[in-house]
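Asks: Encoded as structure tokens, here's the structure I'll be asking about.
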DNA sequence: AACTAATATTCGAAAATACGAATATAGCAT
DNA sequence: ATGCTATATTCGTATTTTCGAATATTAGTT
């Protein structure tokens, strides 16, 4: 029973464990957007976007509303935004490490060019 | 640059995207525990525990302290506990769905026996 | 009915993750 | 040095995730 609850939580985290999916949720912070608008803003493949949206839907992080031709997505529960806000504080608190990571990536990119 | 930051966030969620790792962090809610104590409480393989601890260490979610023979783990930043608390509220808010999931699992288990 | 636009699903291949078994390392006691 | 306990790492394999290409679906338009 406890196990199933943890699995449920793990699934939630899993849903957010991808940069594109985080970007999607961040875009929806201030309200709904159509799938097309998300694709345009994120500059990703249509199929890929649809797959990630499917993941977020399956884990009940997003809800969608059909309007004629298009589908509008929004974050289901404001608590999710709250989680991301806390994360923001978390990253702020550990900014030095984030910067170290960024510098390492930057360095690696320079080498590979 | 924004991408790298999102990757960083995604890594954090990825680190928590496993029931065993959530269980580990929950066990450490009230302070440090040795690896052995964690293994005993969670009833998992030693190697497996060590692998999960390595993941949590790599993502800077846990810190460890060596004391003679053993290694004590603790949650690095209380903000992480705060995130889990918010999650608790989140799951409480959506308890009906959690229960539906649990029932479905229970049903599946009955069929498979 | 045929056509177009918006979105979703399927497929196959590549990469990442998870597990237990086996092995390695490190500290302490004899 | 040998042995013992606690923890970490490596290895092989099975499963899961991710992506783009191709295809399907659904709604609106002519």
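Residue numbers (my numbering), protein chains in the order written: chain Z, 259 to 371; chain V, 259 to 371. Where is the CB? At the ideal position from N, CA and C, for every residue including glycine. This one's a predicted model, so the numbers in the text were calculated from it and none came from an experiment.
Should residue 277(V) be labelled buried (16 or more other beta-carbon atoms within 10 Å of its own) or exposed?
Replies: By 1-based counting over the second chain, the position of residue 277(V) is 19. Buried, since its Cβ has 16 or more Cβ neighbours within 10 Å.
Asks: Give me the Cα-Cα distance between residue 321(Z) and residue 347(V), rounded to the nearest whole angstrom.
Replies: Position 63 of the first chain, counted from the start, is the residue given in the question as residue 321(Z). Position 89 of the second chain, counted from the start, is the residue given in the question as residue 347(V). Cα to Cα, the separation comes out at about 19 Å.
Asks: Drop a sphere of 10 angstroms on the beta-carbon of residue 307(Z), count the other beta-carbons inside from all chains shown, and report buried for 16 or more, exposed for fewer.
Replies: Counting from 1 along the first chain, the entry for residue 307(Z) is found at position 49. With 16 or more Cβ atoms within 10 Å of its Cβ, residue 307(Z) is classed as buried.
Asks: Hey, how far is the Cα of residue 300(Z) from the Cα of residue 292(V)?
Replies: Translated into positions along the first chain, residue 300(Z) becomes position 42. Translated into positions along the second chain, residue 292(V) becomes position 34. C-alpha separation (whole angstroms): 44 Å.
Asks: Using the C-alpha atoms, what's the distance from residue 298(V) back to residue 250(Z)?
Replies: Chain Z is shown from 259 up to 371; residue 250(Z) falls before or after that span and cannot be answered.
Asks: Per the contact definition of three or more C-beta pairs closer than 8 Å, is the segment 273–289 of chain V in contact with the segment 329–338 of chain V?
Replies: yes
Asks: Check each residue of the segment 262–285 of chain Z: if its Cβ is closer than 9 Å to any Cβ of chain V, include it; give the result in chain order.
Replies: Listed by position, the residues of the segment 262–285 of chain Z near chain V (Cβ gap below 9 Å) are 262, 263, 264, 265, 266, 267, 268, 269, 270, 271, 272, 273, 274, 275, 276, 277, 278, 279, 280, 281, 284.
Asks: Quick one: list the residues of chain Z neighbouring residue 337(V), beta-carbon separation under 7 Å, in chain order.
Replies: Taking the first residue of the second chain as 1, we reach residue 337(V) at position 79. Simply 344, 347, 348, 351.
Asks: For residue 341(Z), which of 325(Z), 326(Z), 283(Z) has the nearest alpha-carbon?
Replies: Mapped onto the first chain, residue 341(Z) falls at position 83. Of the candidates 325(Z), 326(Z), 283(Z), the residue whose Cα lies closest to the Cα of residue 341(Z) is 283(Z).
Asks: I want to see whether chain Z comes within less than 8 Å of residue 340(V), judged by CB atoms only; does it?
Replies: As a first step, residue 340(V) must be located in the second chain, where it is residue number 82. So yes, residue 340(V) belongs to the interface.
Asks: Classify residue 310(V) as buried or exposed, calling it buried when 16 or more other Cβ atoms lie within 10 Å of its own Cβ.
Replies: In the second chain, the residue the question calls residue 310(V) occupies position 52. Classification of residue 310(V): buried, given that the 10 Å Cβ count is 16 or more.
Asks: My assumption, with CB atoms under 8 Å, is that residue 338(Z) sits in contact with residue 319(Z). Please give the rounded CB distance.
Replies: In the first chain, the residue the question calls residue 338(Z) occupies position 80. In the first chain, the residue the question calls residue 319(Z) occupies position 61. Residue 338(Z) to residue 319(Z), Cβ: 6 Å. Contact.
Asks: Does residue 286(V) come out as helix, strand or coil in the three-state DSSP assignment?
Replies: Locating residue 286(V) in the second chain gives position 28, counting from the first residue. Coil, per DSSP.
Asks: Taking DSSP as the reference, what is the three-state secondary structure of residue 325(V)?
Replies: Along the second chain, one-based indexing puts residue 325(V) at 67. The answer is strand: DSSP assigns residue 325(V) an E or B state.
Asks: Rounded to a whole number of angstroms, what is the C-alpha to C-alpha distance between residue 261(V) and residue 285(Z)?
Replies: For the purposes of this step, residue 261(V) is taken as residue 3 along the second chain, with counting starting at 1. For the purposes of this step, residue 285(Z) is taken as residue 27 along the first chain, with counting starting at 1. Going from the Cα of residue 261(V) to the Cα of residue 285(Z) covers about 14 Å.
Asks: Buried or exposed for residue 268(Z), please, with buried defined as at least 16 other CB atoms from any protein chain shown within 10 angstroms of its CB.
Replies: For the purposes of this step, residue 268(Z) is taken as the residue at position 10 of the first chain. So residue 268(Z) ends up on the buried side.
Asks: So the alpha helix (DSSP H) residue 213(V) belongs to, where does it begin and stop?
Replies: With chain V represented from 259 up to 371, any question about residue 213(V) goes unanswered, as that position is not in the structure.
Asks: Based on the DSSP secondary-structure assignment, which residues constitute the bridge partners of residue 320(V)?
Replies: Translated into positions along the second chain, residue 320(V) becomes position 62. Partner residues in the beta bridge of residue 320(V), as assigned by DSSP, are 333(V).
Asks: State the Cα-Cα distance for the pair residue 315(Z) and residue 275(V), rounded to the nearest angstrom.
Replies: What you label residue 315(Z) is simply residue 57 of the first chain in a count that begins at 1. What you label residue 275(V) is simply residue 17 of the second chain in a count that begins at 1. The straight-line gap from Cα to Cα measures roughly 17 Å.
Asks: Identify the residues that DSSP records as bridge partners of residue 300(Z): which are they?
Replies: Walking along the first chain from the start, residue 300(Z) turns up at place 42. None; residue 300(Z) has no bridge partner.
Asks: Between the Cα of residue 294(Z) and those of 350(Z), 313(Z), 329(Z), spot the shortest distance and give me the residue it belongs to.
Replies: Against the first chain, residue 294(Z) aligns to sequence position 36. When only C-alpha atoms are compared, the closest one is 329(Z).
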